[in-house]
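A quick write-up on the structure given underneath.
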Amino acid sequence: MRSARLGARQPGATPYPGPDLRVLGYHVRTRIGPGLGLHGRAAVRFRARLSGDRVVTFSLDPRLALSRVTNAAGQPLLFIQNGVLRGPGAAAAGGERSAAEPVVAVILKRPLAAGQIYTLHFRYAGHIIVATFTGLYGLENRMDWYPNRTMQPAPHDLTFIYPAGLTLLATGRRAPAADTPPPGERI
Numbered sequence: 001m002r003s004a005r006l007g008a009r010q011p012g013a014t015p016y017p018g019p020d021l022r023v024l025g026y027h028v029r030t031r032i033g034p035g036l037g038l039h040g041r042a043a044v045r046f047r048a049r050l051s052g053d054r055v056v057t058f059s060l061d062p063r064l065a066l067s068r069v070t071n072a073a074g075q076p077l078l079f080i081q082n083g084v085l086r087g088p089g090a091a092a093a094g095g096e097r098s099a100a101e102p103v104v105a106v107i108l109k110r111p112l113a114a115g116q117i118y119t120l121h122f123r124y125a126g127h128i129i130v131a132t133f134t135g136l137y138g139l140e141n142r143m144d145w146y147p148n149r150t151m152q153p154a155p156h157d158l159t160f161i162y163p164a165g166l167t168l169l170a171t172g173r174r175a176p177a178a179d180t181p182p183p184g185e186r187i
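Given below as structure tokens:
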């Protein structure tokens with residue numbers, strides 16, 4: 001029996017979609033700077049449906065560089081973004097990188113246990129806001145501006161901090177800000 005190379009796709013096979021989990025909610029805090037750079041922190045809470053997986057995948061625009069991923073206890077985790085392993089104990093990034101992909105793989109400390117609830121915390125930053133031809137600004141990628149499980153609906157708690165000279169449009173219900181905005185910014 002021949003063994004397949006890890007990650008190699010067999011003819012007619014569908015790619016592995018990652019572990020079976022159900023996202024229970026997102027808590028995303030996004031700061032848009034004066035130069036329209038996006039800095040984000042996201043917490044993703046999910047329930048594992050099956051046991052055994054140690055790698056969890058999320059979608060994130062490859063232009064948003066992850067700087068840190070931690071578990072609910074605040075322990076830093078290894079992760080792979082754009083073909084580069086990062087995190088505690090990872091060798092300095094170097095060498096040839098793979099093509100930019102909107103997939104981030106997080107390596108957990110222990111395998112998932114079916115029915116258990118987990119939370120992962122992400123920090124990321126980059127430039128994905130662009131000016132439109134009408135003088136407005138928008139996201140080039142409206143799906144992956146925070147770590148998410150694409151096409152899996154879940155409750156979202158979104159906080160935006162942005163320059164006072166801008167007006168922000170978003171979906172959902174506006175809630176009173178828990179914080180006082182810094183001078184020159186809105187929440």
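Heads up: the sequence shown begins at 1 in our numbering, then just goes up one per residue.
Glycine residues also receive a C-beta, built at the ideal position from the N, C-alpha and C atoms.
- Taking the CA atoms as reference points, T119 sits about 26 Å from L139.
- Contact check between the stretch 57 to 76 and the stretch 162 to 177: fewer than three CB pairs, one atom from each, fall below 8 Å, which does not count as touching.
- Contact check between the stretch 160 to 174 and the stretch 98 to 110: fewer than three CB pairs, one atom from each, fall below 8 Å, which does not count as touching.
- Taking C-beta atoms as the reference points, A125 and G37 count as a pair closer than 9 Å.
- Of all alpha-carbon atoms in D20, R22 and H39, the one lying nearest the alpha-carbon of I129 is that of H39.
- For I80, the enclosing beta strand (DSSP E) covers residues L78 to Q81.
- Of all alpha-carbon atoms in I187, V55, F46 and R49, the one lying nearest the alpha-carbon of A105 is that of V55.
- Inclusion of L112 and T30 in the CB contact set at 9 Å is not warranted, their separation being larger than that value.
- Here the C-alpha atom of G74 lies approximately 25 Å from the C-alpha atom of Q152.
- In this structure, DSSP gives I117 an extended state, which the three-state scheme calls strand.
- Closest option to P181, judged by alpha-carbon separation, among T171, L60 and I161: I161.
- In the assembly as shown, Q116 is an exposed residue. Its beta-carbon has fewer than 16 other beta-carbons within 10 Å.
- For N148, DSSP records a beta bridge to S59.
- Residue environment analysis places F133 among the exposed positions, since fewer than 16 neighbouring C-beta atoms fall within 10 angstroms of its C-beta.
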